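Protein chains in written order, with this note's numbering: chain A, 66 to 368; chain B, 66 to 368. All residues carry an ideal CB built from backbone N, CA and C; glycine is no exception. Remember, predicted model here, so these are calculated numbers, not experimental data. Below: the structure, in structure tokens.
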């Protein structure tokens with residue numbers, strides 16, 4: 066790795082400019098005012114591009130019904146990334162014991178029980194159960210924004226345990242959703258390139274777990290079910306996925322009985338912009354003070 | 066409870082107007098486009114009111130370092146509300162067992178371990194550790210926005226398990242932070258009344274756990290450490306706290322060694338607007354379609 070692409074230097078620079086704020090756990094940083102301004106401006110730009118698409122806005126909390134995780138098969142594909150909310154239901158005596166242990170730095174996990182909520186691993190997960198039934202003619206389109214959790218502590222500032230995605234979800238026939246996915250793949254590429262980023266698209270696969278996961282990843286690539294728009298941020302050889310485009314076929318719709326207007330099982334696709342990754346790509350590419358960014362980039366974000 | 070203040074009818078009305086979207090777990094609803102528009106407009110109004118205060122913006126994820134929960138004594142006061150993130154660190158065979166249990170609807174909690182992250186119970190919690198050391202002269206002021214978790218499933222649409230607060234935190238001498246708190250108590254009251262809400266302020270206490278908690282609540286009230294701005298939403302007799310104003314004295318600053326410019330232990334206070342509660346108070350008071358809200362309310366939110 067050259068000095069130009071040092072993970073440590075990028076992290077240090079982001080901290081020195083108060084763009085991210087250390088919190089003592091990797092990938093759970095606070096964000097500073099300028100970082101948030103860039104995230105907000107980029108998100109506004111996405112909204113501007115999509116403004117005539119007729120998307121329905123839905124916003125879900127960072128938590129999802131645990132049944133959704135169980136039913137989507139998330140634990141078969143990504144057991145290592147999942148997060149489950151545990152809470153306390155005991156009485157006063159046990160509460161005292163638990164608090165005493167926590168204060169003494171001793172383990173207190175045994176006093177907690179698994180709740181009905183998991184951390185949302187993908188922003189579109191909570192949407193699918195709400196779509197059960199018949200779609201209108203032409204299908205439907207949703208706009209989402211939310212916080213995802215993945216258990217992957219890392220020194221890379223682009224690999225967060227808690228991060229935001231701006232997503233769109235298209236539901237309809239296979240033809241409709243693939244056409245829409247292809248349109249957005251071009252839109253995403255154009256958008257990132259218009260911001261002066263060295264972006265390119267490629268077929269991709271998800272980080273499936275274990276040996277069985279390797280076959281799933283090969284399958285996914287062969288069927289071209291996942292594309293990414295990549296930008297060099299922490300490495301020239303391994304550019305960072307900043308947008309992701311996924312064709313789920315009937316994976317979600319069959320589980321929740323989502324039907325097209327003719328009663329056939331629907332197909333779904335989603336795309337997501339990794340808001341923190343795109344902000345960091347901009348800082349890495351153009352410098353840590355947006356006032357000095359190239360005029361054409363500034364004009365695009367602050368129109 | 067009169068029909069005018071029926072919890073069930075309010076919930077049904079919010080769902081019927083797609084302001085909230087059921088997800089199968091109480092208090093974890095999705096939010097619709099119009100709901101989000103009202104939340105955003107109200108939050109913008111708060112920013113407008115605070116624009117000359119010189120607050121520093123910080124944004125933290127919905128998760129907080131578990132050490133912060135342990136060190137703040139959260140488990141002594143609110144063990145019943147806490148949320149802790151559990152994840153999976155096992156190998157392939159165990160992952161298969163876990164996934165099989167989850168798919169069969171059997172318990173799978175035993176395969177998870179407690180991570181370094183908890184769910185943020187109060188938006189200002191992650192801020193305090195970042196303030197360790199000496200403050201500038203005059204202290205400091207922070208603006209925050211975030212998602213809080215509290216384990217309290219409830220049929221009341223105003224009592225959520227996952228919700229947003231817009232917060233400000235003042236750090237300085239006791240005199241500085243109390244003066245600031247008093248100023249915002251009046252600002253908060255004026256703001257909600259200007260939106261046509263039947264708001265009043267009152268001294269309040271936190272929902273401390275157990276019998277010991279009752280004494281803590283009485284103490285807190287006697288010392289006037291907590292105030293709320295209340296609006297009737299689900300009951301005339303028990304109005305809903307929509308803003309909360311807390312004087313922490315040196316509770317947080319002593320734990321993290323936050324000092325005034327003279328080296329004395331600082332004092333802290335925070336205030337928070339419950340964004341979902343205020344949106345629901347507006348819908349309950351003015352009706353479920355903002356286009357029909359009183360002109361002066363619309364003009365204030367859509368200037």
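For residue 123 of chain B, the neighbours in chain A by C-beta distance under 8 Å run, in chain order, 86, 95, 96, 97, 98.
Contact note: residue 306 of chain B does not reach chain A at a C-beta cutoff of 7 Å; the least C-beta distance is about 20 Å.
Looking only at B:188, B:182, B:216, the smallest Cα-Cα distance to residue 182 of chain A is reached by B:216. Secondary-structure assignment with DSSP links residue 121 of chain A through a beta bridge to A:207.
By the 16-neighbour rule on beta-carbons within 10 angstroms, residue 116 of chain A is exposed.
In terms of CA proximity to residue 89 of chain B, A:197 leads the group A:197, A:144, A:293, A:112. Collapsing the DSSP output to three states places residue 253 of chain A in a helix. Sorting A:86, A:261, A:137, A:289 by C-alpha distance to the C-alpha of residue 125 of chain B places A:86 at the top.
As a beta-bridge residue in DSSP terms, residue 339 of chain A pairs with A:230. The C-beta distance from residue 237 of chain B to residue 278 of chain B rounds to 29 Å, too long to fall under 8 Å, and the pair is not in contact.
By the criterion of a C-beta distance shorter than 7 Å, residue 326 of chain A is surrounded in its chain by 199, 200, 201, 202, once the five residues flanking it on both sides are discounted. In the three-state scheme derived from DSSP, where H, G and I count as helix and E and B as strand, residue 350 of chain B is classed as helix.
Look at the stretch 170-184 of chain B: the residues with a C-beta under 9 Å from a C-beta of chain A are 170, 172, 173, 174, 176, 177, 178, 179, 180, 181, 182, 184. By the Cβ neighbour-count rule, residue 209 of chain A is buried, with 16 or more other Cβ atoms within 10 Å of its own.
Secondary structure of residue 178 of chain A (DSSP, three-state): strand. Residue 80 of chain B sits in a helix when the DSSP states are folded into three classes. Listed by position along chain A, the residues whose Cβ is nearer than 8 Å to that of residue 274 of chain B are 157, 160.
Contacts with chain A at 9 Å (Cβ-Cβ) include residue 147 of chain B.
DSSP, read as helix, strand or coil, puts residue 313 of chain B in strand. Look at residue 216 of chain A: its C-beta is under 9 Å from a C-beta on chain B. Where residue 142 of chain A is concerned, the enclosing alpha helix (DSSP H) starts and stops at 139-142.
Following the DSSP letters along the chain, one finds residue 154 of chain B in no alpha helix (DSSP H), marked with neither H nor E. Per DSSP, the unbroken alpha helix (DSSP H) holding residue 107 of chain A starts and ends at 98-114.
Within the stretch 288-322 of chain B, no residue places its CB atom closer than 8 Å to a CB of chain A. Of the candidates A:329, A:301, A:172, A:273, the residue whose Cα lies closest to the Cα of residue 314 of chain A is A:329.
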